[in-house]
Amino acid sequence: MNNLSQVAEIIKGAKRPLLCGHIMPDGDSLGSVLALGLGLRRLGKEVTMVSSDPIPEVYLFLPGVEEITVGHLPERDYDLLIVLDCSVKDRPGPLVLPLLERDLPVAILDHHVNDHPFGNYNYIHTRAAATGEIVMDLLDLLQVDLVLDIAVNLYTAIVTDTGSFRYENTTPGTHQKVARLIDHGVPVSKLSNLIFGEQPLESIRLMEVALGTLELSECGQIAWMSITQEQIQRVGAEDQHVDGLINYPRKIKGVELAIVFRELGSNLVKVSFRSKYKVDVNLLAGTFGGGGHVRASGCTIEADLAKVKDEVLKEAHRLLRGC
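First residue of the sequence shown: 1, per the UniProt record's numbering; consecutive thereafter.
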């Protein structure tokens with residue numbers, strides 16, 4: 001594993017870096033890519049930013065988001081691939097995977113637990129509340145000014161991955177960084193409304209359907225919802241509108257572990273986990289080949305929805321002994 005100064009030196013030496021986050025991009029992934037991409041352009045680098053998956057509607061306000069190439073990889077002579085907010089080989093998505101077979105150096109910046117990142121240069125800081133915090137430290141090392149466009153992206157990265165600073169990953173250092181961003185002009189109220197205060201009608205309709213599937217264990221500590229592709233299509237929603245639904249079972253008084261089962265295909269299910277105090281959901285997700293954080297993680301399982309639910313709930317009950 002490298003320290004951040006070593007990774008900064010590698011990035012300094014690159015002239016044509018390619019930046020990407022992970023599939024199904026969230027606020028931290030997008031905010032980190034954009035903040036670093038815009039910062040490196042200020043250093044005179046020929047930056048390309050890509051995403052395998054579409055940008056969720058809620059993040060289309062981000063400064064520079066129109067600069068991200070979605071769905072295809074521009075043909076350029078890249079000299080460094082920088083992967084943000086993920087360190088597992090398949091997480092950047094199909095757009096970037098072919099590059100990993102080339103002789104192209106890879107630098108990874110991430111805060112998710114992973115003892116075996118795939119990069120040539122890896123900086124994994126699991127105590128960072130968001131990858132946006134790591135990018136902010138990196139930009140300081142690179143002596144890039146936190147102009148407003150960069151600050152807005154960094155704030156978005158941090159505020160989304162901390163749940164508006166409600167999650168236990170929030171530290172004094174998190175607040176100190178955010179204070180700096182506000183000093184640089186970040187409009188907190190406006191961004192809060194754009195990110196958390198508005199939802200498309202399709203999201204509300206999907207929430208109604210999802211809540212109709214809500215189930216609770218006999219002990220009252222596990223709550224889960226199931227969402228099929230048919231349900232998503234029936235209300236005119238898209239996969240991006242599933243984001244945030246897991247917060248509803250998590251809010252139930254007495255619930256320690258919340259789970260959302262999301263059908264991606266006939267034999268493919270994405271499972272999201274959230275816990276409050278006791279359960280290490282990174283370990284739970286790891287049982288099924290996934291991972292993430294202690295209180296927020298996920299995995300993707302190749303099986304039909306009924307079988308996935310059965311297997312995951314058995315393991316969840318085992319972890320919550322006596323439940």
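Even for Gly, the Cβ is constructed at its ideal location relative to N, Cα and C.
None of these values were measured; they are calculated from a predicted model.
Here Cys20 is bridged, per DSSP, to Val50, Val83. As the crow flies, the alpha-carbon of Asn2 is around 10 angstroms from that of Leu109.
Per DSSP, reduced to three states, the secondary structure at Gly298 is strand. Short of 8 angstroms from the beta carbon of Arg41, and not among the five residues preceding or following it, lie these beta carbons of its own chain, in chain order: Val47.
Shown here, Ala107 sits in a strand according to DSSP, grouped into three states. The residues Pro17, Leu19, Ala107, in chain order, have a CB closer than 6 angstroms to that of Ile82 in the same chain once the five nearest residues on each side in sequence are set aside. Assignment of Ile259 by DSSP, reduced to helix, strand and coil, places it in the strand class. Distance from the Cα of Leu146 is smallest, within the candidate group Asn267, Gly37, Arg318, Gly93, for Gly37.
With a 10 Å radius around the Cβ and a threshold of 16 neighbouring Cβ atoms, Arg318 comes out exposed. With a 10 Å radius around the Cβ and a threshold of 16 neighbouring Cβ atoms, Pro25 comes out buried. At a Cβ-Cβ threshold of 8 angstroms, Leu206 and His184 do not count as neighbours. Taking a contact as a CB-CB distance under 8 angstroms, the pair Ala129 and Thr174 counts as one, their CB atoms being some 5 angstroms apart. Burial check for Tyr59: the Cβ neighbour count within 10 Å reaches 16 or more, so the residue is buried.
In the three-state scheme derived from DSSP, where H, G and I count as helix and E and B as strand, Lys307 is classed as helix. By alpha-carbon distance to Val88, the top candidate from Gly254, Gly286, Leu201 is Gly286.
Counting only the Cα atoms, His111 lies some 12 angstroms from Val294.
By the neighbour-count criterion, in which a residue is buried when 16 or more other Cβ atoms sit within 10 angstroms of its Cβ, Cys219 is exposed.
Straight through space, the alpha carbons of Arg262 and Tyr277 are spaced by roughly 24 angstroms. In the DSSP assignment, Gly291 is bridged to Gly298. Here Asn122 carries a strand assignment [DSSP, helix/strand/coil].
Excluding residues up to 5 positions away in sequence, Arg16 lie with their Cβ nearer than 7 angstroms to the Cβ of Asp77 in the same chain. Pro54 and Gly212 have their C-alpha atoms roughly 28 angstroms apart. Between the segment 195-204 and the segment 227-246 there are three or more C-beta pairs closer than 8 angstroms, enough to call the two in contact. Scanning its chain for C-beta atoms nearer than 6 angstroms, with the 5 sequence neighbours on each side dropped, one finds around Ile252 the residues Ala223, in chain order. A straight-line Cα-Cα distance of about 8 angstroms links His125 and Val113. The distance from the Cβ of Leu268 to that of Leu320 is about 26 angstroms, inconsistent with a contact at the 8 angstroms cut-off.
In the structure shown, the three-state DSSP call for Thr69 is strand. Nearest to Ile259 by alpha-carbon distance, out of Leu97, Gly265, Ile246, is Ile246. Relative to the Cα of Gly289, the nearest Cα in the group Pro249, Asp90, Lys177, Ser51 belongs to Asp90.
Here the C-alpha atom of Val50 lies approximately 26 angstroms from the C-alpha atom of Val178. Look at Arg321 here: in three-state DSSP terms it is coil, with no helix or strand label. Less than 8 angstroms divides the Cβ of Gly132 from the Cβ of Asp28. The residue among Glu230, Lys309, Arg180 with its C-alpha nearest the C-alpha of Glu215 is Lys309. For the options Val152, Gln199, Val65, the alpha carbon positioned closest to that of Ser189 is the one of Val152.
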